[in-house]
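Undergrad: Last residue of the sequence shown? That's 978 in this note's numbering, and every number before it is there in order. C-beta: ideal position from N, C-alpha, C; glycine also. Computed from a predicted structure; not experimentally measured. Got a structure for you, questions after.
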Amino acid sequence: MTEANTPANSQSTAGPPHRYSAELANDIEQKWQSYWREHGTFNAPNPVGDLATGEELPKEKLNVQDMFPYPSGAGLHVGHPLGYIATDVFARYNRMLGKNVLHTLGYDAFGLPAEQYAIQTGTHPRTTTEKNIDNMTRQLDQLGLGHDKRRSVATTDPEFYKWTQWIFLQIYNAWFDEEQQKARPIEDLVRDLMTGARTTKDGRNFRDLTTAEKHQAIDEFRLVYLDDSMVNWCPGLGTVLANEEVTAEGRSERGNFPVFRKRLRQWMMRITAYSDRLLEDLDLLDWPEKVKSMQRNWIGRSRGAEVNFDSAAGDITVFTTRPDTLFGASFVVLAPEHELVDALVADAYPENTDERWTNGQATPREAVDAYKRSIAAKSDVERQENKEKTGVFLGTYATNPVSNEQVPIFIADYVLTGYGTGAVMAVPAHDDRDYEFATAFGLPIVPVIEGDVSEAAFTGDATHINSANNDGLDLNGLGKAEAIEAALRWIVEKQKGAEKIQYKLRDWLFARQRYWGEPFPIVYDEHGQAHSIPEDQLPVELPDVEDYKPVSYEPDDADSEPSPPLAKAKDWVEVRMDLGDGEKTYWRDTNVMPQWAGSSWYQLRYVDPTNENAFCDLENERYWTGPRGENDPGGVDLYVGGVEHAVLHLLYARFWHKVLFDLGFVSSKEPYRRLFNQGYIQAYAYTDSRGVYVPAAEVEEKGGKFFFDGAEVNREYGKMGKSLKNAVAPDDIATDFGADTLRVYEMSMGPLDTSRPWATKDVVGAHRFLQRLWRLVVSEETGEANVTDAELSEDDAKQLHRTIAGVRDDYEHLRDNTVVAKLIEYVNYLTKAYPQQAPRAAVTPLVQMVAPVAPHIAEELWAKLGHADTITFEPFPTFDESLLTDDTVEIPVQINGKVKARINVAADASKEDMEQAALDDARVTELTSGKQIVKTIVVPGRMVNLVVK
């Protein structure tokens with residue numbers, strides 16, 4: 030909305046020559062930003078390497094980090110820097126505590142947006158990306174963020190992704206030892222296989238295998254492996270998409286094309302091997318409990334049984350956490366993509382098959398094919414939504430292992446091949462989805478837990494019924510826990526299945542059919558066997574291609590196959606090299622890594638960004654992220670970012686870090702010791718009569734209504750952004766008010782972990798606070814310091830030391846909004862107490878306290894006070910405990926519940942002393958003269974109430 034009475038607008042009016050205006054603020058900010066840049070003020074020294082100074086490092090250090098930003102072409106709005114300003118405040122405060130502080134910012138710069146722009150315009154993605162990085166860097170530099178620029182990286186830099194590729198190879202050339210519960214080099218596995226200490230996955234003797242079979246046997250152990258996986262294939266874009274890039278309607282976020290579930294050979298990372306460690310080590314982390322819960326739920330550890338239902342095609346294995354309900358399993362449902370579906374489909378339906386089971390098709394094969402086509406475009410999310418249940422009967426039956434009854438086998442889209450075994454035993458009496466399916470298809474609903482199932486599934490706990498057979502299993506009368514244990518024992522004893530710990534977590538699909546990503550350091554021989562690129566040949570750089578677009582197809586062509594853009598670079602794909610058995614031709618992998626790759630380890634490159642011999646020297650890593658004690662996992666001291674990264678990025682980073690830890694490359698078990706999720710800045714948006722968003726900055730308020738171009742518009746509230754046309758650029762606020770004003774305003778808006786509304790008209794309040802601060806130190810007429818050498822009064826000292834104590838505690842706990850409130854209160858106190866000249870002893874510590882949140886004005890005031898060096902490393906003020914409490918307190922005296930007088934008593938005065946002081950007060954004596962005091966109520970340190978009549 031248009032605003033009036035801003036500092037920028039008020040510059041036209043005459044004022045004192047040295048008033049703190051937006052123009053003066055801009056001059057000061059450019060001056061000190063140049064000083065910091067020229068002096069390398071925020072450069073943090075390393076113990077060893079290029080960034081070491083040879084000097085003794087401070088005893089304490091702090092590694093504070095923001096989540097990796099993507100350099101968008103739209104640039105920043107004022108919501109983006111919220112977390113960056115907060116970490117800068119925290120870092121500056123800790124520098125003043127004498128700590129060696131590592132704080133920098135890089136760019137997560139690979140990704141689909143730059144590639145799509147390249148496809149549309151022909152501009153190389155690197156050109157677009159570098160332009161966006163330059164613009165974002167300019168915007169952030171304007172805010173005066175204290176970053177060590179030497180440590181900044183971009184994932185798109187070959188010298189960075191060389192080490193991304195190197196780490197990929199370490200994971201590829203490693204396996205997970207179940208006995209030791211850790212990753213080990215693949216060479217250890219090969220040695221064990223050769224000596225017979227271990228066998229292959231299928232139990233064969235490794236030494237008896239052919240060379241090709243040995244390769245295959247080793248690959249089955251690797252932490253990175255090729256697998257035929259179900260993926261989201263988008264013919265219209267010509268690429269596989271991550272789940273996050275697919276809408277709930279089963280279409281691509283970009284372009285709105287249909288997305289199909291398709292089985293493709295893809296790189297996978299065996300993150301599931303680390304499920305238990307990823308769960309258990311959450312207890313070591315100082316993270317929000319909400320985020321920990323999200324990760325626990327995502328990993329989804331549950332204890333149960335894998336149970337076998339015999340069928341014509343062999344055992345159908347289902348996983349269940351409730352084996353006690355097996356007697357109620359009246360049908361089996363497979364995912365449509367389940368590997369046994371084709372073998373189980375009958376040639377014809379049995380006699381008297383219910384028509385609801387056939388989906389109107391003449392044969393089971395026709396029904397299955399039609400059903401698969403009908404769900405091909407559905408995402409996993411859409412398939413699991415609450416809706417009418419669909420499916421088809423395969424024409425065959427399976428045997429319930431506890432009752433020996435024949436139960437029909439269906440396929441249905443609500444069962445996913447990526448979860449559990451891709452098959453479920455359906456117990457409709459006690460599962461909502463199964464109940465809906467059974468109702469729709471007229472299937473038996475058999476209660477095995479006592480409860481009403483006439484209108485819905487009974488999902489509560491009760492005693493078991495209808496749950497006994499003639500083979501030693503009787504669950505009738507048992508409660509849930511007892512019945513589960515009894516059923517598990519019987520299943521294992523009768524060899525009907527096995528006890529199993531199951532996880533929802535799936536292995537990580539680690540390939541994209543795109544151009545703008547890290548190439549895989551892998552080549553294939555003439556037999557299709559994968560081989561590692563020698564480490565001395567890294568990085569494998571992206572070649573230039575004429576066309577960045579993958580081969581796209583008709584959007585509805587579900588049978589099409591991906592052809593990545595890199596496949597077009599024939600001279601790059603085919604390569605001659607010697608991998609130990611003579612020079613020959615190999616073929617490069619034409620997929621690229623997902624955008625998650627670089628962000629899974631970037632915090633380690635910040636530690637040692639110029640190291641050409643290692644991704645990070647272990648001594649530098651140990652200094653900056655190493656554990657401090659027995660139960661400390663190590664990692665970045667403070668990591669700040671949005672809760673939207675709670676699962677994927679943080680889980681992937683933890684996995685990569687744990688592999689590096691197991692292989693001895695890092696000393697820390699975890700990448701991020703402490704996590705803080707900041708909230709968001711939101712803003713009003715406006716729509717016209719058509720529902721189209723109009724520019725919020727051009728909307729005017731008149732009489733409580735809102736108008737754009739003379740027409741009334743509707744106001745709504747939402748996240749600030751380009752699509753709602755309510756974005757406010759930080760450049761504009763910094764120009765109109767000064768960057769320090771923007772910093773103070775954003776930090777004062779509310780607690781950092783909550784969302785808050787933006788209002789440009791309120792920014793002026795932060796600016797006026799800085800103007801009052803300026804006037805306390807500087808004469809607006811001369812521009813020189815205007816303070817006295819007078820000693821502090823008792824009240825001054827108390828106000829100062831209480832402010833210091835409160836501000837220190839607030840800075841430490843990221844309560845920057847209350848920091849600003851306390852500083853405003855102290856400035857107002859001094860302004861009122863000293864309308865002409867304030868004591869130097871009162872304002873010097875004030876300037877130091879202001880420095881973390883408003884560093885430019887603090888530097889200028891520090892210089893005005895006669896200091897030659899930057900305020901950055903000045904010790905933060907300390908406080909005197911004795912000045913934090915009063916020797917005496919003023920308390921009200923009430924007569925019949927109304928305050929009639931105030932008295933001063935000792936802070937620790939007894940009830941008797943307080944009562945006597947009240948009775949001795951002249952005003953109280955006057956008001957009670959000739960009256961009877963019938964009751965006295967005393968609250969120590971708070972009040973005295975006399976009841977008289």
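In whole angstroms, what separates the C-alpha of Ala491 from that of Arg772?
TA: 59 angstroms
Undergrad: Do Pro700 and Gln632 have their C-beta atoms closer together than 9 angstroms?
TA: yes
Undergrad: Classify Ser304 as helix, strand or coil using the three-state DSSP reduction.
TA: helix
Undergrad: Would you say the segment 720 to 732 touches the segment 242 to 261, given that touching needs at least three Cβ pairs under 8 angstroms?
TA: no
Undergrad: Any idea if Asn34 is buried or exposed, counting beta-carbon neighbours within 10 angstroms, 16 or more meaning buried?
TA: Its pLDDT being 41, under 50, Asn34 is placed unreliably by the model, and the measurement read from it follows with that caveat. Burial call: exposed.
Undergrad: Using the beta-carbon count (16 or more within 10 Å), is Ile345 buried or exposed?
TA: buried
Undergrad: Within its chain, find whatever has a CB closer than 7 angstroms to the CB of Ile562; leave out the 5 residues flanking it on each side and keep chain order.
TA: Counting only Cβ-Cβ distances below 7 angstroms, and skipping sequence neighbours, we find Pro550, Ile551, Val552, Val569.
Undergrad: Got a sec, what are the start and stop residues for the alpha helix (DSSP H) Ser628 sits in?
TA: 625 to 628
Undergrad: Just to check my reading of the structure: Glu547 and Phe139 have Cβ atoms closer than 8 angstroms, yes? What is that Cβ distance to the nearest angstrom?
TA: 7 angstroms
Undergrad: Compare the Cα-Cα distances from Gly489 to each of Asp909, Ser496, Pro476, Ala497 and report the closest residue.
TA: Pro476
Undergrad: Tell me the residue span of the alpha helix (DSSP H) that contains Gly370.
TA: Here residue 370 is Val; the residue named in the question, Gly, does not match the sequence. Counting along the chain, the alpha helix (DSSP H) containing Val370 begins and ends at 370 to 373.
Undergrad: Mind checking whether Pro996 and Thr873 have CB atoms under 9 angstroms apart?
TA: It is not possible to answer for residue 996, since the shown part of the chain is limited to 30 through 978.
Undergrad: May I ask you to list the residues that DSSP assigns as paired with Gly343?
TA: Ser340
Undergrad: Tell me the residue span of the alpha helix (DSSP H) that contains Leu647.
TA: 647 to 654
Undergrad: Helix, strand or coil for Ser777 per DSSP?
TA: Residue state for Ser777 is assigned as helix, using DSSP reduced to three classes.
Undergrad: Taking just the CA atoms, how far does Val695 sit from Thr647?
TA: Looking at the sequence provided, one finds Leu at residue 647 rather than Thr. Each residue's Cα considered, the two are about 6 angstroms apart.
Undergrad: Look up Arg971 in the DSSP assignment and say whether it is helix, strand or coil.
TA: Coil, per DSSP.
Undergrad: Between Pro287 and the ligand COA, is the CB less than 8 angstroms from at least one heavy atom?
TA: The model on display carries no ligand, and the ligand COA is accordingly not part of it.
Undergrad: Could I get the ranges of all uninterrupted beta strand (DSSP E) runs contained in the segment 440 to 481, with 3 residues as the minimum, in chain order?
TA: Residue ranges of uninterrupted beta strand (DSSP E) with 3 or more members, entirely inside the segment 440 to 481 and ordered along the chain, are 452 to 455.
Undergrad: Using the three-state DSSP reduction, which class does Ala516 fall into: helix, strand or coil?
TA: helix
Undergrad: Going by DSSP, which residues form a beta bridge with Asn933?
TA: Glu919
Undergrad: If contacts are defined as beta-carbon pairs under 8 angstroms, then Phe905 and Arg804 qualify, I think. What distance do you get, rounded to the angstrom?
TA: Contact between Phe905 and Arg804 does not hold, since the beta-carbon distance rounds to 24 angstroms and is not under 8 angstroms.
Undergrad: Starting from Lys731, follow the alpha helix (DSSP H) in both directions and report where the run begins and ends.
TA: Premise fails: Lys731 lies in the beta strand (DSSP E), 729 to 731, not in any alpha helix (DSSP H).
Undergrad: Between Thr349 and the rest of its own chain, which residues show a CB-CB distance below 7 angstroms, the 5 nearest in sequence each way excluded?
TA: Gly333, Ala334, Val336, Met454
Undergrad: Report yes or no: do the segment 496 to 514 and the segment 295 to 306 share at least 3 C-beta pairs separated by less than 8 angstroms?
TA: no
Undergrad: Check whether the Cβ atoms of Asn92 and Thr770 sit closer than 9 angstroms, and answer yes or no.
TA: no
Undergrad: Whole angstroms are fine: how far does the CA of Ala341 sit from the CA of Ile530?
TA: 27 angstroms
Undergrad: Thinking C-beta only, is Ala763 closer than 9 angstroms to Gln171?
TA: Taking 9 angstroms as the Cβ cut-off, Gln171 and Ala763 qualify as a contacting pair.
Undergrad: Compute the distance between the beta-carbons of Val397 and Val421, then report whether it is under 9 angstroms.
TA: yes
Undergrad: For Leu355, I'd like the list of residues in its chain whose CB is within less than 6 angstroms of its CB, leaving aside the five on either flank, ordered along the chain.
TA: Val431
Undergrad: Going along the chain, which residues of its own chain have a beta-carbon closer than 6 angstroms to the beta-carbon of Gly812, five neighbours each way excluded?
TA: His47
Undergrad: Would Gln961 be called buried (16 or more neighbouring beta carbons within 10 Å of its own) or exposed?
TA: Gln961 should be labelled exposed.
Undergrad: Could you tell me the alpha carbon to alpha carbon distance between Gly708 and Asp95, rounded to whole angstroms?
TA: CA-CA distance, Gly708 to Asp95, rounds to 14 angstroms.
Undergrad: Keeping to the same chain, check which residues put their C-beta closer than 6 angstroms to that of Ile833; ignore five residues upstream and five downstream.
TA: Pro906, Phe908
Undergrad: Which same chain residues end up closer than 8 angstroms to Val928 when comparing Cβ atoms and leaving out the 5 residues on each side of it in sequence?
TA: Pro921, Val922, listed in sequence order.
Undergrad: Could you give the first and the last residue of the continuous beta strand (DSSP E) run that contains Arg617?
TA: 612 to 617
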